[in-house]
Ligand code: SF4
Ligand code: SF4
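Residue numbers (my numbering): -11 to 397.
The structure is reproduced here in structure tokens:
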């Protein structure tokens, strides 16, 4: 799955939908709005940009049971969560998504299945419709079979087109997510035309953000500044021409901004993620941070995890900040950016996000941008996301490759 799947615009839509369903929207910062259920890390695809943890193989044998997921849904709803994302890995590899959907409907969630489409059959989509699933977000990869199959390391091009038609036929809004990288950024116009031709209501052009597997493959995936600018211009032109028929959301890549994003809309403010093995996280990547213990739904109350656990309180608000963020007049806007990105690139989780031009580590981003102009770096072999490579990463292989991009101490 992709990080941009959780864009604010989608969250806003969820709030409105929930209001229409009679669900209270009087949430505050003391309650989560989103529960993201990463129900499995298993996946038939092997996307080079996947931002699941590179050590996900540790968590494929100890997935939560159906009963544990249902309890997590109930507990999160009690805390105030109104939006449920069912994600992975590929959630459809589990055969209990139908049960989870039915429970979500009963509890009043606005539910969103985030899928590659592999495993979506007529029978299952019918069951999801009857069970009350509100929304399906389908990932697409390119307009060419060659790039689709290369970047996912699977032959899924034809299947995705069939699944898109199936989603439309069942009366769901057609919501596409396309992760953008060096291999498909030159096809922006054709991707938008394809989306329009299959009747998409909404397309998210999610420029790759560099976490997990996409960080390992950063040199291979990262487009140049010129390519990003051109892609944005094409998107704007297309948007102006197509009017309001298809909503187009272009997610600006962090590395090409001079200010970071307010990561997850603030640590422990809106999002609560429960991972395949039950860990409760404020952000998908949070387990990369050192010296932190995250609670687990198997043995800890979800309310305590959200409100009182040291992990959720560690980076709430701004009292943890050091300079230059501490005295920065913009700190309310971005809360210093992303803790994981800060740690992965600087070795210090409390440093200003190096994306920020005020950060003393901003040169690391400038170097990455300069490196994107170097075809020799881009031509290095990709480390595809698969069990074998995950096992190797757990065993300490690829250290040199990773060290090349990370400024870890
Ligand atoms: S491998 Fe691809 S489809 Fe599977 S979880 Fe990762 S990004 Fe999603
Ligand atoms: S210095 Fe810190 S708070 Fe200020 S804009 Fe940069 S990241 Fe945000």
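Where is the CB? At the ideal position from N, CA and C, for every residue including glycine.
Return helix, strand or coil for residue 235, following the three-state DSSP convention.
By 1-based counting over the chain shown, the position of residue 235 is 247. In this structure, residue 235 counts as strand in the three-state DSSP scheme.
Beta-carbon spacing of residue 208, residue 370 below 8 angstroms:
Indexing the chain shown from 1 puts residue 208 at position 220. Indexing the chain shown from 1 puts residue 370 at position 382. A contact, by the Cβ cut-off of 8 angstroms.
Evaluate the contact criterion for the segment 273 to 292 versus the segment 327 to 339: three or more CB pairs, one atom per stretch, below 8 angstroms.
yes
Restricting to Cα atoms, I'd like to know which of 29, 67, 34 and 32 is closest to residue 289.
Here residue 289 refers to the residue found at position 301 when the chain shown is read from its first residue. If we check each option's Cα against that of residue 289, 67 comes out closest.
Residue 264 versus residue 76 - alpha carbon distance:
In the chain shown, the residue the question calls residue 264 occupies position 276. In the chain shown, the residue the question calls residue 76 occupies position 88. Their backbone Cα atoms lie some 8 angstroms apart in a straight line.
Can you look up residue 395 in the DSSP assignment and give me helix, strand or coil?
Here the question's residue 395 lines up with position 407 in the chain shown. Any reading at residue 395 must be qualified, since the residue scores a pLDDT of 45, below 50, and its modelled position is unreliable; the value itself is stated next. Reduced to three states, the DSSP call for residue 395 is coil.
Just reading off the beta strand (DSSP E) that residue 291 is part of, what are its end residues?
Counted from its first residue, the chain shown places residue 291 at position 303. Premise fails: residue 291 lies in the alpha helix (DSSP H), 290 to 295, not in any beta strand (DSSP E).
Using a Cβ-based criterion (distance less than 7 angstroms to any ligand heavy atom), does residue 318 qualify as near ligand 2?
The count along the chain shown starts at 1 and reaches residue 318 at position 330. The answer is yes for residue 318.
Going by other Cβ atoms of all chains shown within 10 Å of its Cβ, with 16 needed for buried, is residue 104 buried or exposed?
Here residue 104 is taken as the residue at index 116 of the chain shown, counted from 1. So residue 104 ends up on the buried side.
In this structure, does DSSP put residue 40 in helix, strand or coil?
The residue given as residue 40 occupies position 52 in the chain shown. Reduced to three states, the DSSP call for residue 40 is coil.
For residue 131, the nearest candidate out of 71, 347, 147 and 121 (CA to CA):
As a first step, residue 131 is located in the chain shown; it is residue number 143 there, counting from the start. That would be 147, whose Cα lies nearest to the Cα of residue 131.
Thinking C-alpha only, which one of 38, 85 and 30 is nearest residue 49?
Working through the chain shown from its first residue, we reach residue 49 at position 61. Selected option, being the one with the closest Cα: 30.
By Cβ distance below 6 angstroms, which residues in the same chain neighbour residue 387 in space, the five residues on each side in sequence not counted?
Position 399 of the chain shown, counted from the start, is the residue given in the question as residue 387. Excluding residues within five positions, none has a Cβ falling inside 6 angstroms.
Tell whether a beta-carbon distance below 8 angstroms holds between residue 193 and residue 166.
Residue mapping note: residue 193 aligns to position 205 of the chain shown, counting from 1. Residue mapping note: residue 166 aligns to position 178 of the chain shown, counting from 1. Yes, they are a contact pair.
With residue 201 as the anchor, note down where its alpha helix (DSSP H) starts and where it stops.
Along the chain shown, one-based indexing puts residue 201 at 213. 200 to 204 is the extent of the alpha helix (DSSP H) around residue 201.
With distance defined between alpha-carbon atoms, name the residue in 20, 211 and 201 nearest to residue 356.
Numbered from 1 along the chain shown, position 368 holds the residue referred to as residue 356. Per the Cα distances, 211.
Compute the Euclidean distance between the alpha carbons of residue 242 and residue 249, then round it to the nearest angstrom.
Counting from one through the chain shown, the residue named residue 242 turns up at place 254. Counting from one through the chain shown, the residue named residue 249 turns up at place 261. Approximately 7 angstroms, taken between the alpha carbons.
Burial state of residue 382 (16 or more Cβ within 10 Å):
Here residue 382 refers to the residue found at position 394 when the chain shown is read from its first residue. Answer is exposed; the Cβ neighbour count stays below 16.
Ligand 2 heavy atom lying under 7 angstroms from the CB of residue 360
In the chain shown, the residue the question calls residue 360 occupies position 372. No, Cβ of residue 360 sits at least 7 angstroms from all heavy atoms of ligand 2.
Segment limits, alpha helix (DSSP H) that includes residue 272
What you label residue 272 is simply residue 284 of the chain shown in a count that begins at 1. First-last for residue 272: undefined, no H or E at that position.
Are at least three pairs of beta-carbons, each pair with one atom in the segment 300 to 312 and one in the segment 249 to 263, less than 8 angstroms apart?
yes
Cβ pair residue 228, residue 176 closer than 8 angstroms
Locating residue 228 in the chain shown gives position 240, where the first residue counts as 1. Locating residue 176 in the chain shown gives position 188, where the first residue counts as 1. Taking 8 angstroms as the Cβ cut-off, residue 228 and residue 176 do not qualify as a contacting pair.
Starting from residue 144, follow the beta strand (DSSP E) in both directions and report where the run begins and ends.
Taking the chain shown and counting its residues from 1, the one referred to as residue 144 is at position 156. Element bounds for residue 144: n/a, residue is neither H nor E.
Every unbroken alpha helix (DSSP H) within the segment 64 to 138, with a cutoff of 4 residues, ordered by chain
85 to 95 and 110 to 119
The beta strand (DSSP E) that contains residue 339, what's its start and end?
Here residue 339 corresponds to residue number 351 of the chain shown, with the count starting at 1. Unbroken run through residue 339: none, as it is neither H nor E.
Give a yes or no on contact between the segment 119 to 130 and the segment 85 to 101, applying the rule of three or more CB pairs nearer than 8 angstroms.
yes
Between the C-alpha atoms of residue 247 and residue 143, what's the straight-line distance to the nearest angstrom?
If you number the chain shown from 1, residue 247 lands on position 259. If you number the chain shown from 1, residue 143 lands on position 155. Rounded to whole angstroms, residue 247 to residue 143 spans 38 angstroms at the Cα level.
Beta-bridge pairing of residue 260 - partner residues as DSSP gives them:
As a working mapping, residue 260 is identified with position 272 in the chain shown. Partner(s): 23.
Would the beta-carbon of residue 111 be found less than 7 angstroms away from any heavy atom of ligand 2?
In the chain shown, counting from the first residue as 1, residue 111 sits at position 123. Result no, Cβ not under 7 angstroms from ligand 2.
Same chain only: Cβ atoms within 6 angstroms of residue 127, ignoring 5 sequence neighbours per side:
Sequence index remark: in the chain shown, residue 127 carries index 139 (1-based). Once the five neighbours on either side are set aside, the close Cβ partners of residue 127 are 104 and 165.
If we count the other Cβ atoms within 10 Å of its Cβ and call it buried at 16 or more, is residue 47 buried or exposed?
Position 59 of the chain shown, counted from the first residue, corresponds to residue 47. Result: buried.
Tell me the DSSP bridge mates of residue 192?
In the chain shown, residue 192 corresponds to position 204, counting from 1. According to DSSP, residue 192 bridges with 165 and 237.
Taking residue 227 as part of the alpha helix (DSSP H), name the residues at either end of that continuous run.
Residue mapping note: residue 227 aligns to position 239 of the chain shown, counting from 1. 213 to 230 is the span of the alpha helix (DSSP H), which, as asked, contains residue 227.
Leaving out five residues on either side along the sequence, give the residues of the same chain with a beta carbon under 7 angstroms from the beta carbon of residue 16.
Within the chain shown, residue 16 is the residue found at index 28, counting from 1. In this predicted model, residue 16 has a pLDDT of only 43, less than 50, meaning its place in the structure is not dependable enough to derive any value.
State the DSSP-derived secondary structure class of residue 14, mapped to helix, strand or coil.
Residue mapping note: residue 14 aligns to position 26 of the chain shown, counting from 1. Only weak support exists for where residue 14 lies, its pLDDT of 38 falling under 50; the coordinates are left without a value.
Go ahead and label residue 287 buried or exposed: buried means 16 or more other beta carbons lie within 10 angstroms of its beta carbon, across all protein chains shown.
The residue you call residue 287 lines up with position 299 of the chain shown. So residue 287 ends up on the exposed side.
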